[in-house]
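Here the structure comes first, spelled out in structure tokens, and everything after it is commentary.
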Amino acid sequence: MDVGNRQTKSTDQLVKASDRLALYQKQLLQASGPSPQTTSSSRSISTAAQAANQMSRDPITCHVLNTLTGTPAANLPVTLTFLGSSNGNNTSQSPVTFSATTDADGRVKNWTATAATTTTVSGVLSSLPTADSKTNWAVRFEVGPWYEAQGIESFWPEVEVKFTVKGRGREGEEGWRHYHVPVLLGPWNYSTYRGS
1 MDVGNRQTKS TDQLVKASDR LALYQKQLLQ ASGPSPQTTS SSRSISTAAQ
51 AANQMSRDPI TCHVLNTLTG TPAANLPVTL TFLGSSNGNN TSQSPVTFSA
101 TTDADGRVKN WTATAATTTT VSGVLSSLPT ADSKTNWAVR FEVGPWYEAQ
151 GIESFWPEVE VKFTVKGRGR EGEEGWRHYH VPVLLGPWNY STYRGS
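Laid out in structure tokens, this is it:
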């Protein structure tokens with residue numbers, strides 16, 4: 001390989017890295033909230049809207065970012081499954097499942113019961129015997145078809161994250177806790193952690 005080709009390749013890599021950094025910077029600026037010049041009335045409206053939005057969310061939510069593009073993973077099909085209690089006693093015969101599709105920001109705030117399910121996520125948690133009950137859940141992201149629709153080959157047909165929830169009830173009630181499952185997703189890698 002001659003020096004000219006190496007310089008062109010280095011320049012291309014530098015441009016790609018700069019583009020990716022610009023995307024990250026844009027997301028960070030958007031996430032940092034309102035500017036200092038925002039009036040107090042618009043802050044109050046924003047705070048009220050955020051509070052109303054949080055009150056309407058399910059106790060289990062998720063957020064997916066596409067690390068290939070540095071953008072939210074919008075329109076990604078997701079399934080949430082109640083696996084049973086941590087002590088091994090599953091209170092139902094068939095799995096209780098909920099479905100959703102990530103919004104434009106890559107988030108799922110509310111789940112829809114599948115045809116076989118007649119309850120809500122809050123309903124499952126409200127039926128638990130104590131405020132410190134533990135239950136096991138799985139959230140599955142349909143990665144393969146989602147990337148394939150974008151013309152990208154994915155190593156993962158799906159990504160499933162299993163986790164334990166401690167608590168019961170609805171927001172504001174004794175024992176209620178919020179569990180947020182963020183996923184950083186690429187066609188060849190993924191990582192997750194417990195969010196807030």
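full-length UniProt numbering puts the sequence shown at residues 1 to 196. Note that beta-carbon positions come from the ideal geometry of N, C-alpha and C, so glycine has one too.
Straight-line measurement puts the Cα of Leu184 at about 5 Å from the Cα of Tyr190.
In this chain, the alpha helix (DSSP H) harbouring Trp146 covers 143-148. Two segments are said to touch when three or more pairs of C-beta atoms, one from each, lie closer than 8 Å; by this definition the region 117-128 does not touch the region 143-151.
The bridge partners DSSP lists for Pro182 are His63. Closest in alpha carbon position to Asp105, among Thr61, Gly167, Lys166, is Thr61. Pairing Thr130 with Thr112, the inter-Cα distance amounts to about 25 Å. As the crow flies, the alpha-carbon of Ser154 is around 22 Å from that of Ser99. By the C-beta density criterion, Trp137 is buried, having at least 16 other C-beta atoms within 10 angstroms. Apart from sequence neighbours up to five positions away, the residues of its chain that approach Arg140 with a beta-carbon distance below 6 Å are Thr79, Glu158, Glu160, ordered along the chain.
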